């Protein structure tokens, strides 16, 4: 599924996978991520229910994940 078409439940699960992927020992290093982007992946903004909505994400993360 295209990330841009995911609802907040699917996007929340996807972001958990991305977080696990970049945080695992010997994981992948993304040189194009800024320090702020990396922090946002580790602790993304959520709604009152704890889900991530694509509209809460910064432009950098949206560009990285949604395109």
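Numbering (the numbering used here), first residue to last: 92 to 158. A virtual CB, placed ideally from N, CA and C, is assigned to each residue, including glycine. All values reported here derive from a predicted model rather than from experimental measurement.
Rounded separation between residue 80 and residue 133 - CA only = No statement about residue 80 is possible, as the shown extent of the chain runs from 92 to 158 and does not include it.
Tell me whether the beta-carbon of residue 100 lies closer than 9 angstroms to the beta-carbon of residue 142.
-> yes
Beta-carbon contacts of residue 121 that lie in its chain and below 7 angstroms, excluding the five residues immediately before and after | 113
Alpha carbon of residue 128 to alpha carbon of residue 137, nearest angstrom = 15 angstroms
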